[in-house]
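Under our numbering, think of the first position of the sequence shown as 286, with each following residue one higher.
One structure is given here, and the rest of the page talks about it.
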Amino acid sequence: MHHKTKGIYLYVEGDSMPSPSPFQPLTTNAPEPTASSAVILEEAAVDPAAALTNSSFDARSSTALLNSLAVVLCAGVGVGLGICLSKLHASADVLAWVNLPGALFVRALRCLVVPLVFCSMTVSIAEVILLQKTNVLSWRTAGVFFATSFSATLQGMLVALVFRSVFVPGDVGGTVVTPASSSEPLIALNCSNGRFLQPLFNGLLACVAANASVAAAQFQLVDVHHALTSSAGASSLQSLSLSDQVIAIVNVMVTDNIFNALANGSLLSIIVFALPLGVAVAKADGESVLLPLLRQIRNALLLLINAVLRATPVAVLFLVASAIVDYGTNAGHFAAGIGYLVLAFLCGVVCHVCVALPLLLFVCTRIQPFAYLRQLLPAYVFAFGCASSMVTLPVAATVVYQTRHVSPGFAQLVLSLGTPTNTNAAGLYYPLMTIFLATMAREALSVPQLVVLLCVSWLGSVSTAPVPNAALVMLMTVWKTVVPSTPLPPAFVYVVAVDFLLDRICTVVNVNGNMVATRILAAKYETQDTRNE
Numbered sequence: 286m287h288h289k290t291k292g293i294y295l296y297v298e299g300d301s302m303p304s305p306s307p308f309q310p311l312t313t314n315a316p317e318p319t320a321s322s323a324v325i326l327e328e329a330a331v332d333p334a335a336a337l338t339n340s341s342f343d344a345r346s347s348t349a350l351l352n353s354l355a356v357v358l359c360a361g362v363g364v365g366l367g368i369c370l371s372k373l374h375a376s377a378d379v380l381a382w383v384n385l386p387g388a389l390f391v392r393a394l395r396c397l398v399v400p401l402v403f404c405s406m407t408v409s410i411a412e413v414i415l416l417q418k419t420n421v422l423s424w425r426t427a428g429v430f431f432a433t434s435f436s437a438t439l440q441g442m443l444v445a446l447v448f449r450s451v452f453v454p455g456d457v458g459g460t461v462v463t464p465a466s467s468s469e470p471l472i473a474l475n476c477s478n479g480r481f482l483q484p485l486f487n488g489l490l491a492c493v494a495a496n497a498s499v500a501a502a503q504f505q506l507v508d509v510h511h512a513l514t515s516s517a518g519a520s521s522l523q524s525l526s527l528s529d530q531v532i533a534i535v536n537v538m539v540t541d542n543i544f545n546a547l548a549n550g551s552l553l554s555i556i557v558f559a560l561p562l563g564v565a566v567a568k569a570d571g572e573s574v575l576l577p578l579l580r581q582i583r584n585a586l587l588l589l590i591n592a593v594l595r596a597t598p599v600a601v602l603f604l605v606a607s608a609i610v611d612y613g614t615n616a617g618h619f620a621a622g623i624g625y626l627v628l629a630f631l632c633g634v635v636c637h638v639c640v641a642l643p644l645l646l647f648v649c650t651r652i653q654p655f656a657y658l659r660q661l662l663p664a665y666v667f668a669f670g671c672a673s674s675m676v677t678l679p680v681a682a683t684v685v686y687q688t689r690h691v692s693p694g695f696a697q698l699v700l701s702l703g704t705p706t707n708t709n710a711a712g713l714y715y716p717l718m719t720i721f722l723a724t725m726a727r728e729a730l731s732v733p734q735l736v737v738l739l740c741v742s743w744l745g746s747v748s749t750a751p752v753p754n755a756a757l758v759m760l761m762t763v764w765k766t767v768v769p770s771t772p773l774p775p776a777f778v779y780v781v782a783v784d785f786l787l788d789r790i791c792t793v794v795n796v797n798g799n800m801v802a803t804r805i806l807a808a809k810y811e812t813q814d815t816r817n818e
C-alpha cells in the first residue's frame with residue numbers, strides 16, 4: 286500500500302514500521318511563521334518534497350560548478366603569473382598593482398564580517414529564546430548542539446597540532462624564506478606636524494603620510510650591528526600564572542567598550558556581548574522593533590558578502606600571484622602546501638563524521654548509526670552540490686522525515702534552528718586554518734592563545750552564516766582575535782585557493798551534524814510526547 290503526503294510517496298511493507306502521520310504544522314503559542322519570521326535567512330516558502338525534483342538543483346549545481354572551475358583556473362593562472370613576475374624581477378610598482386585586487390577583496394570581507402557576526406548571533410539567540418517559550422525545546426537541545434560542536438572543535442585542535450610540523454614555509458635552495466611583512470619589524474617616523482615620513486617619487490623624504498598605516502610610510506628596521514635585544518615583555522605572557530592567564534581571557538571576553546571591540550574585530554568580545562543582547566531583545570516588553578531591524582541588517586550584509594564573493598576567482602588569481610612573488614617559491618611547493626592543508630582537514634572530517642557523531646548517535650539512541658546515515662545520502666549530495674546549508678535545509682528535512690523516525694514538523698523545527706547555530710565544520714575549520722597560518726608566519730601560539738582559539742572556534746561554530754564561503758570570511762576575524770598583534774599572513778592565499786573544495790565539504794559536515802542531532806532529539810522528545818499526541 287502507499288500513503289500520499291504532500292507529494293511524497295512512501296511504500297510500506299506489511300510487517301514494517303507504520304508510516305508517519307500526514308504533515309501537520311507545528312502547534313505553538315507563536316503566530317504562524319511567515320517569510321519575515323524564519324529562523325534563517327528569509328526565502329519564499331518551499332515544499333520540501335518539491336525541492337528534490339525541481340530544476341533549481343540543476344541550476345544551483347551548474348552555477349556552483351562553474352564558480353569552482355573558475356577558481357581552479359584562476360589559481361593556476363595566478364601561479365603562472367607569479368612565477369613569471371619572479372623570474373622577470375618585476376618592479377615594486379608592478380607588484381603593488383598585482384597585489385591591489387586581492388588586497389581590496391580581503392579588505393571588503395573584513396569590513397562586512399564583524400557586523401554580520403554581531404547581527405547573526407543576536408538574532409539567533411533571540412529566536413532561540415522565542416522558540417523556547419513554546420516549551421518544544423529545552424536545554425536538552427542546547428546540550429546536543431553543544432556536544433556536536435564542541436567535539437568538532439576539539440578534534441580540529443588536535444588535528445591542527447598533529448599536522449603543525451608539516452606546515453612549514455617554502456624553501457629555496459635549502460633556505461627557509463618568509464615574507465618580509467611577517468619576519469621584519471616595521472616602523473613609522475612621526476613628524477612634528479603630526480604626519481609621517483614618506484619617500485616621494487623623486488627620492489626625497491617628506492612628512493606627508495596621513496597615518497602610520499600607509500604602506501609608503503612604513504620602513505623595515507634592520508639591526509645591522511646586532512645592537513638590539515628582544516624585550517623581556519615579549520615572553521611575559523608565558524610567564525604569567527594560571528590565574529593571570531584566566532583573568533586575561535575573561536577580560537577579553539567582557540569588553541568595556543563594545544564599539545572598540547567592533548572596530549578592532551575582537552570576536553570573543555562581540556559574541557559574549559551578543560549573547561545577553563539577544564536574550565534582552567527576546568524578553569523585551571511589547572512588540573519587538575529591534576529584532577526585525579537586526580534581521581534585515583543581517584540579510585543585507587549577507588547579500589553584500591555574496592556580491593563580494595562573486596569576485597573570488599579574480600581575487601584568487603592576484604592573491605596567488607602576489608603570494609608566489611612574496612615567498613619566492615615555486616608551483617610544486619604551492620601545490621604541496623595546499624595538499625597538506627586538504628589532507629589535514631579531511632582527517633578531521635573523517636574522525637568527526639565517521640567516528641565521533643556515529644558514536645554519539647549510538648550512545649543516545651541505541652540504533653545502528655550507519656544504517657541511519659545511509660538514508661541521508663541525497664541530502665549529502667545536494668549539500669556538496671550547492672555548498673549552502675541554508676539551501677539544503679528543505680532537502681534535509683524531507684530526507685530525515687523519510688527515515689520514518691522523525692515527524693516532518695519536528696524535523697523542520699530542529700533543522701531550522703540548527704542550520705545557523707550548529708555548524709560543526711566551523712569547529713574543525715577555524716583551529717586548523719589558524720594554526721596553519723600561524724605556522725606559516727612563524728608565529729608561535731602560546732597556551733593562553735590556544736585556549737582563546739578553542740573558545741573562539743566553538744563560539745564561531747554557533748555564529749557562522751549558513752551560506753557559501755562564510756567560514757573563509759569569519760577566519761579573518763578569528764585570526765585577529767587570537768593573534769591581534771600580527772597582520773593576516775600572506776599564506777592566507779593557500780586557504781582562499783582551496784576554499785572552493787573545503788567549503789563544499791564543510792556544508793556536508795554541517796548538514797550531517799544537524800541531521801544527527803535531529804535524530805537524537807527525536808528519540809528523546811517524540812517517543813514521549815509528539816507521537817502520542
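Note that CB positions come from ideal geometry on N, CA and C, so glycine has one too.
Backbone CA spacing between F630 and S477 [nearest angstrom]: In the sequence shown, residue 630 corresponds to position 345, counting from 1. In the sequence shown, residue 477 corresponds to position 192, counting from 1. Roughly 51 Å between the two C-alpha positions.
Of the listed residues S405, I590, T438, nearest to V794 (C-alpha basis): Your numbering for residue 794 matches position 509 in the sequence shown. Its Cα nearest to that of V794, the residue T438 stands out among S405, I590, T438.
Alpha carbon of A473 to alpha carbon of P775, nearest angstrom: Along the sequence shown, read from residue 1 onward, the residue named residue 473 stands at position 188. Along the sequence shown, read from residue 1 onward, the residue named residue 775 stands at position 490. Roughly 21 Å separates the two Cα atoms.
Counterpart residues of S491 in DSSP-defined beta bridges: On the sequence shown, residue 491 is found 206 positions in, with the first residue counted as 1. The amino acid at residue 491 is misidentified as Ser; the sequence shows Ala. Q483.
Three-state secondary structure (DSSP) of I472: Sequence index remark: in the sequence shown, residue 472 carries index 187 (1-based). I472: strand per DSSP, three-state reduction.
Rounded C-alpha distance that separates L722 from L397: Here residue 722 is taken as the residue at index 437 of the sequence shown, counted from 1. Here residue 397 is taken as the residue at index 112 of the sequence shown, counted from 1. Whole-angstrom Cα-Cα distance: 21 Å.
N709, buried or exposed, once every other Cβ within 10 Å from all chains shown has been counted against 16: Counting from 1 along the sequence shown, the entry for residue 709 is found at position 424. Around the C-beta of N709, 16 or more other C-beta atoms lie within 10 Å, and the residue is accordingly described as buried.
Where the alpha helix (DSSP H) containing L642 begins and where it ends: Taking the first residue of the sequence shown as position 1, residue 642 is located at position 357. Taken as a continuous stretch (DSSP letters only), the alpha helix (DSSP H) holding L642 covers 642 to 650.
Close-in-space but distant-in-sequence residues of the same chain around T792 (CB under 6 Å, 5 per side omitted): Residue 792 sits at position 507 when you count from the first residue of the sequence shown. Within its own chain, the residues whose Cβ lies closer than 6 Å to the Cβ of T792, once the five positions on either side in sequence are excluded, are A668, A672, S674, listed in chain order.
The region 578 to 593 / the region 361 to 369 touching (three or more Cβ pairs under 8 Å): Per the Cβ contact rule, the region 578 to 593 is not in contact with the region 361 to 369 (fewer than 3 Cβ pairs under 8 Å).
For V408, the nearest candidate out of F435, S573, Q687 (CA to CA): In the sequence shown, counting from the first residue as 1, residue 408 sits at position 123. Comparing Cα-Cα distances from V408 to each of F435, S573, Q687, the minimum goes to S573.
Closer than 9 Å to chain B by CB, F403: In the displayed structure, chain B is absent; only one protein chain is listed.
Whole-number beta carbon distance between N799 and T704, since they are thought to touch under 8 Å: Locating residue 704 in the sequence shown gives position 419, where the first residue counts as 1. Locating residue 799 in the sequence shown gives position 514, where the first residue counts as 1. 6 Å between Cβ atoms; contact.
Proximity test, Q581 beta-carbon vs the ligand ATP heavy atom, cut-off 8 Å: For the ligand ATP, the structure offers nothing, since it holds no ligand at all.
Span of the alpha helix (DSSP H), counted from its first residue to its last, around N797: Stepping through the sequence shown from its first residue, residue 797 is reached at position 512. 777 to 810 is the span of the alpha helix (DSSP H), which, as asked, contains N797.
Through-space distance from W743 to I805, alpha-carbon basis: Stepping through the sequence shown from its first residue, residue 805 is reached at position 520. Stepping through the sequence shown from its first residue, residue 743 is reached at position 458. Distance between the alpha carbons of I805 and W743 is about 21 Å.
Simplified DSSP assignment, three categories, for F308: Within the sequence shown, residue 308 is the residue found at index 23, counting from 1. Legend: pLDDT at F308 = 40, less than 50; position of this residue unreliable, value from coordinates given subsequently. Looking at F308 - three-state DSSP - the assignment turns out to be coil, as it is neither helix nor strand.
Residue range of the unbroken alpha helix (DSSP H) whose run includes L773: In the sequence shown, counting from the first residue as 1, residue 773 sits at position 488. DSSP places L773 in no alpha helix (DSSP H); its state is neither H nor E.
Sub-9 Å separation of V357 and F785 beta-carbons: The residue you call residue 357 lines up with position 72 of the sequence shown. The residue you call residue 785 lines up with position 500 of the sequence shown. It is a contact, given that the beta carbons lie within the stated cut-off.
Reduced DSSP secondary structure (H/G/I, E/B, other) of F452: Taking the first residue of the sequence shown as 1, we reach residue 452 at position 167. Three-state result, F452: coil.
Given 8 Å, three or more beta-carbon pairs between the region 585 to 605 and the region 388 to 395: Judged by Cβ distances under 8 Å, the region 585 to 605 makes contact with the region 388 to 395, as three or more pairs qualify.
Exposure of Q483, with buried meaning 16 or more beta-carbon neighbours within 10 Å: Within the sequence shown, residue 483 is the residue found at index 198, counting from 1. Counting of Cβ neighbours within 10 angstroms places Q483 among the buried residues, the total reaching 16 or more.
C359 versus S701 - alpha carbon distance: Translated into positions along the sequence shown, residue 359 becomes position 74. Translated into positions along the sequence shown, residue 701 becomes position 416. Cα to Cα, C359 sits roughly 36 Å from S701.
Per DSSP, the bridge partner or partners of F558: Position 273 of the sequence shown, counted from the start, is the residue given in the question as residue 558. In DSSP, F558 forms no bridge with anything.
Those runs of the beta strand (DSSP E) which lie wholly inside the region 677 to 710 and span at least 3 residues: Fully enclosed beta strand (DSSP E) runs of 3 or longer: not present.
Backbone secondary structure at T319 - three-state DSSP: Taking the sequence shown and counting its residues from 1, the one referred to as residue 319 is at position 34. With a pLDDT of 39 at T319, under the threshold of 50, the modelled position of this residue cannot be trusted; read the value that follows with caution. The three-state reading of DSSP puts T319 in coil, since its state is none of H, G, I, E or B.
Alpha carbon of C404 to alpha carbon of I556, nearest angstrom: Along the sequence shown, read from residue 1 onward, the residue named residue 404 stands at position 119. Along the sequence shown, read from residue 1 onward, the residue named residue 556 stands at position 271. Within the model, the alpha-carbon separation for C404 versus I556 is close to 10 Å.
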